[in-house]
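Quick mapping for you: the protein sequence lines, in order, are chains A and B. Note that the first sequence covers residues 3 to 420 in our numbering. Note that the second sequence covers residues 10 to 316 in our numbering. Idealized CB from N, CA, C, for every residue including glycine.
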Amino acid sequence: MKRITCRWMIVAVLVAGMFSYNAFAGEVEVLHWWTSGGEAKSVGVLKDLLEKEGHTWQDMAVAGGGGGNAMTVLKSRAVAGKPPTAAQVKGPQIQQWGDEGVLTNLDDVARAGNWDTLLPGVVADIMKYEGHYVAVPVNVHKINWMWVNPDVFRKAGAMIPTTWAQFEEEAAKIKKAGFIPVAWGGQNWQEATVFESIVLGVGGAAFYEQALVQADPQALNSPTMVKCFETLRMVLGFIDKDAPGRDWNLATAMVIQGKAAMQFMGDWAKGEFTAAGKRPGVDYVAMPVPETSGGYLFNVDSFIMFDVKDTEAQKAQQAMARLIMEPRFQEVFNVNKGSIPCRLGMSRMAFDAPAHMSFDSFVASAEAGSLLPSMAHEMAVYPAIRGAIFDVVTNFCNSTVANDRAAKTLASEVQSAM
Amino acid sequence: MMAMTRSRRGAGHTRDIFQYLEDLLPKIVLAPTAIAILISVYGFILWTAYLSFTKSRLLPKYDLAGFVQYIKLFSNDRWWVASKNLVLFGGLFIFFCVVLGLLLAIFLDQRIRIEGAIRTIYLYPMALSFIVTGAAWKWILNPGLGLERLMRQMGFADFTFDWLVNSEMSIYTVVIAGVWQSTGFVMALFLAGLRGIDDSIIRAAQVDGAGLPRIYRKIIIPSLRPVFFSAVIILSHIAIKSFDLVVVLTRGGPGYSSDLPATFMYAFAFTRSRLAFGAASAMMMFFAVMAIIVPYLYSELRRKRYE
Numbered sequence: 003m004k005r006i007t008c009r010w011m012i013v014a015v016l017v018a019g020m021f022s023y024n025a026f027a028g029e030v031e032v033l034h035w036w037t038s039g040g041e042a043k044s045v046g047v048l049k050d051l052l053e054k055e056g057h058t059w060q061d062m063a064v065a066g067g068g069g070g071n072a073m074t075v076l077k078s079r080a081v082a083g084k085p086p087t088a089a090q091v092k093g094p095q096i097q098q099w100g101d102e103g104v105l106t107n108l109d110d111v112a113r114a115g116n117w118d119t120l121l122p123g124v125v126a127d128i129m130k131y132e133g134h135y136v137a138v139p140v141n142v143h144k145i146n147w148m149w150v151n152p153d154v155f156r157k158a159g160a161m162i163p164t165t166w167a168q169f170e171e172e173a174a175k176i177k178k179a180g181f182i183p184v185a186w187g188g189q190n191w192q193e194a195t196v197f198e199s200i201v202l203g204v205g206g207a208a209f210y211e212q213a214l215v216q217a218d219p220q221a222l223n224s225p226t227m228v229k230c231f232e233t234l235r236m237v238l239g240f241i242d243k244d245a246p247g248r249d250w251n252l253a254t255a256m257v258i259q260g261k262a263a264m265q266f267m268g269d270w271a272k273g274e275f276t277a278a279g280k281r282p283g284v285d286y287v288a289m290p291v292p293e294t295s296g297g298y299l300f301n302v303d304s305f306i307m308f309d310v311k312d313t314e315a316q317k318a319q320q321a322m323a324r325l326i327m328e329p330r331f332q333e334v335f336n337v338n339k340g341s342i343p344c345r346l347g348m349s350r351m352a353f354d355a356p357a358h359m360s361f362d363s364f365v366a367s368a369e370a371g372s373l374l375p376s377m378a379h380e381m382a383v384y385p386a387i388r389g390a391i392f393d394v395v396t397n398f399c400n401s402t403v404a405n406d407r408a409a410k411t412l413a414s415e416v417q418s419a420m
Numbered sequence: 010m011m012a013m014t015r016s017r018r019g020a021g022h023t024r025d026i027f028q029y030l031e032d033l034l035p036k037i038v039l040a041p042t043a044i045a046i047l048i049s050v051y052g053f054i055l056w057t058a059y060l061s062f063t064k065s066r067l068l069p070k071y072d073l074a075g076f077v078q079y080i081k082l083f084s085n086d087r088w089w090v091a092s093k094n095l096v097l098f099g100g101l102f103i104f105f106c107v108v109l110g111l112l113l114a115i116f117l118d119q120r121i122r123i124e125g126a127i128r129t130i131y132l133y134p135m136a137l138s139f140i141v142t143g144a145a146w147k148w149i150l151n152p153g154l155g156l157e158r159l160m161r162q163m164g165f166a167d168f169t170f171d172w173l174v175n176s177e178m179s180i181y182t183v184v185i186a187g188v189w190q191s192t193g194f195v196m197a198l199f200l201a202g203l204r205g206i207d208d209s210i211i212r213a214a215q216v217d218g219a220g221l222p223r224i225y226r227k228i229i230i231p232s233l234r235p236v237f238f239s240a241v242i243i244l245s246h247i248a249i250k251s252f253d254l255v256v257v258l259t260r261g262g263p264g265y266s267s268d269l270p271a272t273f274m275y276a277f278a279f280t281r282s283r284l285a286f287g288a289a290s291a292m293m294m295f296f297a298v299m300a301i302i303v304p305y306l307y308s309e310l311r312r313k314r315y316e
């Protein structure tokens, strides 16, 4: 008798506790792929901020594939009819999810937080679906960086190039001196990263917009594009033969160790230099990719919010969106990750020198109209079109396809993918 | 009298139901599995076929759109490379596994001393997952780290083995890793088959004056026909399923030169949000498998009935 009463009391307490838990706190189930050290720490900051406001954060981290695995999990959840509350989705995929009609409206939070004035127009447009905010941006990465080891240049008697013609001369000198001019990672996204920087440099901002954002077949099969492929073929003459399949951080290591002179990579490469104890300006120099000093190819990570029925969960969603755009989270997250805040007008004190260059470039290019979404990092075109461009570029880099044929294939593959 | 008849009739009626249930028991036990397979395998094959005729992108959509996905598939260069690779990989993989497996089985069948240990060693690779095999062979075949570097350090300065980073030869590295993994299994199959052959036939042939190679060619290998059949079926299923091996070993190879239809389908259906296009490529894989397996199955099973 005593045992039965005891057991029932425990059950009653647990049930009561369960209900009280649901009654006061909203729960946000968040799908993301930030599982490595610095990134996980940064997500932890958001979790703490949210929990301080009384909501709960249920983590759904799916590692690997640069988000590919996470997206597959998200799709299967959506088909099953039970999407998470928030998911880390970026670029035109946000609009694709909007087309499915499963996203919620964040206009109230946006109006209260003045998002329209705090975000550059290009970035805000990506966060919206049919004029309403459905996603909240977290950070801004710059893609068109060239990471340079000045010591290798000194030893080879070469100057750091700012145009592609100079690049060809200086790289030849470096090769003659016995170093590898370009540290290259033979993976399709890395090849596409270099390709789009070349398109920005050789073709200019307007051409980039037409070719890689609008995916206009006329721009894709144009003499300018043939010239871009020509430049890419020239750069490929300066890589080493072990490049296929190499990871980006191993290529950065080649520059850090002084085996190679330059690497074309986004600003996350800075983390590798810092982890190796190298000082900016002394052991390494961050330069814009030749001929792209006025342009800024950006990659903005963001969270989309799904339409949920539970009012508490909705409140938690809105709290999460508000917290992400607030200065405190923006600063902590971006300092840890190596990117810059997407919120304009923030204090720069916590950030280092390359980040300051990025800040200046961000504001300047936003005003000049050369702030452009990165195609290689899923910001500019739908995944189907991006995949088609990837295929053509990676095939070009790993075979002896002619430049004009490559441009023609590019236009036809993109058209077939639309 | 009436009571007895009634009770006897009642007892017989009950026994009939139980007897009926007992006869039905195997079918009842297998029913859940059969239904699960019917739905999850055949049902979803039909669903994929339906999807391949739609214009689904991110999520499934059910409006039919004709053969447009198939037309796009056949004008896609990467698909042709993947299909060619499947034929090359599948053919070489099955051929070498069968030949090497048979040879090893014949050698092991010669009543050697430590047969048990050697057999286990050859069978070990089968216990590894393709991901481990792929990772290990990636390091072995890497020009800067593995075989090429070893040979050069041993003094052969001109030795090159850069198939892994060569667009033309990368698919053959997948063949090497796959054959290494599965030969032991085929060897075990053939060994079991060899052990099952009646000694008296062989002795009779020896009495007739047939030499050993002749005996093998004319008697033993033909009587292993069912084992060839099983081995080819299992190997072709492994070959078509090859996804993890390619992903780990070459990630599709320099460019997409070592892509296979399975990786192609995954990339397009899920990563690139072209669900209907990926479904079309999956259906093409299905048809290719059917085109090969069904005639083979038919010929083998028909032959058995006439033996």
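Identify each residue in the region 54-78 of chain B for which the Cβ-Cβ distance to at least one residue of chain A is less than 8 Å, and report them in chain order.
-> Arg66, Leu67, Leu68, Pro69
Is the Cβ-Cβ distance between Ala158/A and Lys178/A less than 9 Å?
-> yes
Taking a Cβ distance cut-off of 9 Å, strictly less, list which residues of the region 181-192 of chain A are near chain B, in chain order.
-> Gly188, Gln189, Asn190
Mind checking which residues open and close the alpha helix (DSSP H) that includes Pro375/A?
-> Segment 373-375 is the beta strand (DSSP E) holding Pro375/A; no alpha helix (DSSP H) there.
Starting from the beta carbon of Pro85/A, find every residue of chain B whose beta carbon is closer than 7 Å, and list them in chain order.
-> What Pro85/A touches in chain B: nothing, since even the nearest Cβ is about 11 Å away.
Would you please verify whether the beta carbon of Asn400/A is less than 9 Å from any beta carbon of chain B?
-> yes
How is Pro290/A classed by DSSP in three states: helix, strand or coil?
-> strand
Leaving aside the five residues before and after Ala386/A along the sequence, list all residues of the same chain whose C-beta is less than 7 Å from its C-beta, in chain order.
-> Ala419
Within chain B, partners of Gly239/A - CB distance below 8 Å | The contacting residues do not exist; Gly239/A stays about 16 Å from chain B at best.
Mind listing, in chain order, the continuous alpha helix (DSSP H) runs of no fewer than 4 residues lying wholly within the region 21-68 of chain B?
-> 53-60
Would you mind listing the alpha helix (DSSP H) stretches within the region 206-249 of chain B that are 4+ residues and don't spill past its ends, in chain order?
-> 208-216, 221-224
What's the gap between the Cα of Ser199/A and the Cα of Ala315/A?
-> 42 Å
Quick one: does Arg283/B have its CB under 9 Å from some CB of chain A?
-> yes
Val81/A touches chain B at which residues, Cβ-Cβ below 9 Å?
-> Leu68, Pro69
Quick one: which chain B residues come within Cβ less than 7 Å of Asn397/A?
-> Gly264, Tyr265
Quick one: residues in its chain with C-beta nearer than 7 Å to the C-beta of Val416/A, no 5 flanking neighbours on either side, listed in chain order?
-> Ala217, Pro219, Leu222, Ile387, Ala390, Ile391
Name the DSSP bridge partner or partners of His134/A?
-> Tyr131/A
Three or more beta-carbon pairs under 8 Å between the region 108-125 of chain B and the region 194-206 of chain B, yes or no?
-> yes
For Val403/A, the three-state DSSP class (helix, strand or coil) | coil
Cα-Cα, which of Val77/B, Val107/B, Pro270/B is closest to Ser239/B?
-> Val107/B
Where DSSP assigns a beta bridge to Thr169/B, which residues make up the other side?
-> According to DSSP, which records beta bridges pairwise, Thr169/B is partnered with nothing at all.
Alpha carbon to alpha carbon, how far is Tyr307/B from Met274/B?
-> 29 Å
Contact check, Met381/A vs Leu214/A under 8 Å by CB: the rounded distance?
-> Contact doesn't hold; Cβ gap of about 10 Å is too wide.
What are the residues that DSSP puts in a beta bridge with Leu105/A?
-> Phe308/A
Pull up the CB-CB distance for Ile180/B and Ser266/B, whole angstroms please, since I reckon it's below 8 Å.
-> 7 Å
Can you say whether Asp61/A is buried or exposed, counting buried as having 16 or more other CB atoms within 10 angstroms of its CB?
-> exposed
N-terminal and C-terminal residue of the beta strand (DSSP E) that Pro356/A is part of = Run containing Pro356/A: none in the beta strand (DSSP E); it sits in the alpha helix (DSSP H), 355-370.
Does the separation of the CB atoms of Met256/A and Ile182/A fall below 9 Å?
-> yes
Distance, Glu369/A Cα to Lys147/B Cα | 48 Å
According to the neighbour-count rule (16 or more other Cβ atoms, all chains shown, within 10 Å of its Cβ), is Gln189/A buried or exposed?
-> buried
Give every residue of the same chain whose Cβ lies closer than 6 Å to the Cβ of Lys346/A, excluding the five residues on either side of it in the sequence, and list them in chain order.
-> Looking at the sequence itself, residue 346/A is Leu, so the reference to Lys does not match. Cβ neighbours of Leu346/A beyond the five flanking positions: Leu120.
If we cut at 9 Å on Cβ distances, does Thr280/B have a partner in chain A?
-> yes
Would you mind giving the Cβ-Cβ distance between Asp309/A and Thr106/A, rounded to the nearest angstrom? I have them listed as a contact below 8 Å.
-> 4 Å
Are Asp244/A and Asn151/B close, meaning C-beta to C-beta below 9 Å?
-> yes
How do the region 199-212 of chain A and the region 226-243 of chain A stand: do at least 3 beta-carbon pairs fall below 8 Å, yes or no?
-> yes
Could you tell me whether the Cβ of Pro152/B comes closer than 9 Å to any Cβ of chain A?
-> yes
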